[in-house]
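Below is one structure, written out as structure tokens; the observations come after it.
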Amino acid sequence: MSFALQEAFPELKPPLTPIEIQEEASRCLECGGIYGPAPCTSACPSGIDIPGFIAALQGGDLASANRIVFSENPLAGTCARVCPTPVLCEGSCVLSYVGLPPVDIGRLQRAAADYARNRLTVSISPQHQAHRVAVIGAGPSGLALAAELARMGDRVTIYDENPDPGGMVRYAIAPYRQRVAPLDDEIQPLLELGVTFRFNTRIAGREAFLALESESDAIFLGVGLGADVDPQLPGQHLFGVWQALPFIRDLKEGNPLAVGRFTVVIGGGNTALDVAREALRLGSEQVTLVYRRDRQSMPAYAYEVQDAEKEGVRFNWLATPVRLLGNAWLEGVECQYQELLRDAGSRPKPRPIPGALFTLKADTAILAIGQSVRRELSEWVPGLQFEHGRLIVDAETGQTLNPQYFAGGDLVGGQSVVEAVQWAKRAAKGIHQYVAGEK
Ligand code: SF4
């Protein structure tokens, strides 16, 4: 990323100074004990002993703090930067019950993780016979699973269609949260333990999966979701209209697309908010997000909506785009107001209000209405089934309806890197049970 881009995308949460680490760590009450874990640890999908590593930091023992965070989460440095902490560990911190700000767990974890590169603790039992496991997808769930299995002595090969590992962390997480580092440092221990990476390799079609099945004891699907959903709006071909994922990927690779003065973002999830905030940083003077339901129904985290608002993103709730206007270049987005039909027990359904049309001036539009589900997998692998857009798996083991296959991450409904780690840990146990003939 060029110097100018780095200037435009300073980190949202820069690291704490040594004095700040001490001050922040000293606020922790070290909850938990013999009757149960601390609330923050219970809220952490990867189960990190949060009061444990904070106490180590407070005692100046960074090496122990480092060991504690990596012992539960091989992507602890990445998670420290990108986790939605206000709805996980920090959202459960007891200090907020007495009106105080929660302990800044994310940045303390960053201090612990950044102290030294992870040394994966190898624990291979003498009777263990190395299993051959193929992992499809070098994103967070694939990497975390490989770490778990490799340290237990298994032979893991990861296939990914991209030229580099990291999946959404490398290519889609907003650069003001994490550019690339410390991802490469977190992958290095996998290489040291003998994990094989096959990049630029797309596994597609029944033949390719048959070949993997014959040479692997188990296969893990960590492929995430597919391309951006195409809303098929009239005028989508106009210059100035982008899909969200290529927009972010180009930005992260240091080749940002030129945004105009007036940007309209279509969508209501966290990706839509990210691209809106990125467009502001890239120099767009007015960024408006259009979402078909109301504020309360947005899938994005409420705190992210607030932060985007503070930065200057405008919101047009209860509106959908009808068509994109212009000749060769985009000039505006015609939208229609919606009303919500509320049915007990289900999400409110938007219904267009006849004739309630309005036009937003726009020279850039970014379509961020979600990613497609990789249903093609069920054509290539017998037994795989989807329900409500998620691959059906056993909640305890990640095992799919085809027993040789396991899955985790976005494919099964995980929404964050730390949830991908959680699924990977379950799947590692599940794979061992399966290969041992227990499942
Ligand atoms: S809940 Fe808050 S105060 Fe209690 S251990 Fe966790 S971080 Fe510390």
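Note that the sequence shown covers residues 0 to 438 in numbering that gives the first Met the number 0. We put the CB at the ideal spot given by N, CA and C, even for glycine.
heavy atom of ligand 1 below 7 Å from VAL102 C-beta: Looking up residue 102 in the sequence shown gives position 103. If you check the C-beta of VAL102 against ligand 1, you find a heavy atom less than 7 Å away.
Residue span of the beta strand (DSSP E) that contains VAL434, given as start and end: For the purposes of this step, residue 434 is taken as residue 435 along the sequence shown, with counting starting at 1. Judged by DSSP secondary structure, VAL434 falls outside any beta strand (DSSP E) and instead within the alpha helix (DSSP H) spanning 416-434.
Contact check, ALA301 vs ALA271 under 8 Å by CB: the rounded distance? If you number the sequence shown from 1, residue 301 lands on position 302. If you number the sequence shown from 1, residue 271 lands on position 272. Contact doesn't hold; Cβ gap of about 14 Å is too wide.
Contact between the stretch 380-397 and the stretch 420-436 (3+ Cβ pairs under 8 Å): Yes, since at least three Cβ pairs between the stretch 380-397 and the stretch 420-436 fall closer than 8 Å, the two stretches touch.
What does the alpha-carbon distance come out to for the pair ALA42 and LEU356? Walking along the sequence shown from the start, residue 42 turns up at place 43. Walking along the sequence shown from the start, residue 356 turns up at place 357. Their Cα atoms are separated by approximately 44 Å.
Taking the DSSP output, what are the residues bridged to THR399? Here residue 399 refers to the residue found at position 400 of the sequence shown. DSSP output for THR399 lists VAL392 as bridge partner(s).
Less than 8 Å separating the beta-carbons of ARG197 and TYR158? In the sequence shown, the residue the question calls residue 197 occupies position 198. In the sequence shown, the residue the question calls residue 158 occupies position 159. Their beta carbons are under 8 Å apart, which means ARG197 touches TYR158 by this criterion.
LEU281 CB to nearest heavy atom of ligand 1 below 7 Å: In the sequence shown, counting from the first residue as 1, residue 281 sits at position 282. No - ligand 1 has no heavy atom lying nearer than 7 Å to the Cβ of LEU281.
Quick check: is any heavy atom of ligand 1 less than 7 Å from the C-beta of CYS30? Start at 1 with the first residue of the sequence shown, and residue 30 comes out as number 31. Result yes, Cβ under 7 Å from ligand 1.
Decide if the stretch 27-37 is in contact with the stretch 73-85; the criterion is three or more beta carbon pairs, one per stretch, under 8 Å apart. Because the criterion of three Cβ pairs below 8 Å is not met, the stretch 27-37 and the stretch 73-85 do not touch.
In chain order, which continuous runs of the alpha helix (DSSP H) of length 4 or greater are located wholly inside the stretch 140-186? Listed in chain order, the complete alpha helix (DSSP H) runs (minimum 4 residues) inside the stretch 140-186 are 167-170.
Using the C-alpha atoms, what's the distance from LEU232 back to VAL321? Working through the sequence shown from its first residue, we reach residue 321 at position 322. Working through the sequence shown from its first residue, we reach residue 232 at position 233. Their backbone Cα atoms lie some 7 Å apart in a straight line.
I'd like the ranges of any beta strand (DSSP E) spanning at least 3 consecutive residues and lying wholly in the stretch 43-78. Within the stretch 43-78, no run of beta strand (DSSP E) reaches 3 residues while sitting entirely inside it.
What did DSSP end up calling TYR302 once you bin it into helix, strand or coil? One-based indexing of the sequence shown puts residue 302 at position 303. DSSP places TYR302 in helix when its eight states are reduced to three.
Going by DSSP, which residues form a beta bridge with GLU441? Since the first and last residues shown for the chain are 0 and 438, residue 441 lies out of range.
What does a CB cutoff of less than 8 Å around GLY311 pick up in its chain, not counting 5 residues either side in sequence? Taking the sequence shown and counting its residues from 1, one reaches residue 311 at position 312. Exclusion of the five residues before and after GLY311 leaves LEU279, VAL286 as the residues of its chain whose Cβ lies within less than 8 Å of its Cβ.
Cβ distance (whole Å) where VAL274 is taken to contact ALA149 below 8 Å: Along the sequence shown, one-based indexing puts residue 274 at 275. Along the sequence shown, one-based indexing puts residue 149 at 150. With 8 Å as the limit, VAL274 and ALA149 do not qualify as a contact, their Cβ atoms being about 35 Å apart.
Can you look up TRP316 in the DSSP assignment and give me helix, strand or coil? Translated into the one-based positions of the sequence shown, residue 316 becomes position 317. Coil, per DSSP.
List the residues that DSSP assigns as beta-bridge partners of ILE18. Counting from 1 along the sequence shown, the entry for residue 18 is found at position 19. Partner(s): none; ILE18 has no beta bridge.
Indicate whether the contact test is met: 3 or more Cβ pairs, each with one atom in the stretch 253-271 and one in the stretch 194-213, closer than 8 Å. Not touching, per the Cβ criterion.
C-alpha gap between GLY107 and GLY412, whole angstroms: Here residue 107 is taken as the residue at index 108 of the sequence shown, counted from 1. Here residue 412 is taken as the residue at index 413 of the sequence shown, counted from 1. It should be pointed out that residue 107 corresponds to Leu in this sequence rather than to Gly. If you take the alpha carbons of LEU107 and GLY412, they lie about 28 Å apart.
Output the boundary residues of the beta strand (DSSP E) element that contains ILE265. Here the question's residue 265 lines up with position 266 in the sequence shown. The continuous beta strand (DSSP E) containing ILE265 extends over residues 261-265.
Assigned secondary structure, TYR34 (DSSP; H/G/I helix, E/B strand, else coil): Taking the first residue of the sequence shown as 1, we reach residue 34 at position 35. In the three-state DSSP reduction, TYR34 falls in the coil class, being neither helix nor strand.
Which two residues bound the contiguous beta strand (DSSP E) that contains LEU359? On the sequence shown, position 360 is the one that residue 359 refers to. 348-360 is the span of the beta strand (DSSP E), which, as asked, contains LEU359.
Is CYS92 near ligand 1, in the sense that its beta carbon is under 7 Å from a heavy atom of that ligand? In the sequence shown, counting from the first residue as 1, residue 92 sits at position 93. Within 7 Å of the C-beta of CYS92 there is at least one heavy atom belonging to ligand 1.
Which residues in the same chain have their Cβ closer than 7 Å to the Cβ of ALA110, if we skip the five residues on either side of it in sequence? In the sequence shown, counting from the first residue as 1, residue 110 sits at position 111. Counting only Cβ-Cβ distances below 7 Å, and skipping sequence neighbours, we find PRO14, LEU15, ILE20, LEU56.
For ILE49, is the beta carbon positioned less than 7 Å from some heavy atom of ligand 1? Sequence index remark: in the sequence shown, residue 49 carries index 50 (1-based). For ligand 1, at least one heavy atom lies less than 7 Å from the Cβ of ILE49.
Is ALA343 a contact residue of ligand 3, with contact defined as CB to any heavy atom under 7 Å? What this structure holds is ligand 1, not ligand 3.
Count the other CB atoms, across all protein chains shown, that sit within 10 Å of the CB of ARG292; report buried if there are 16 or more and exposed otherwise. Locating residue 292 in the sequence shown gives position 293, where the first residue counts as 1. Counting other Cβ atoms within 10 Å of its Cβ, ARG292 reaches 16 or more and is therefore classed as buried.
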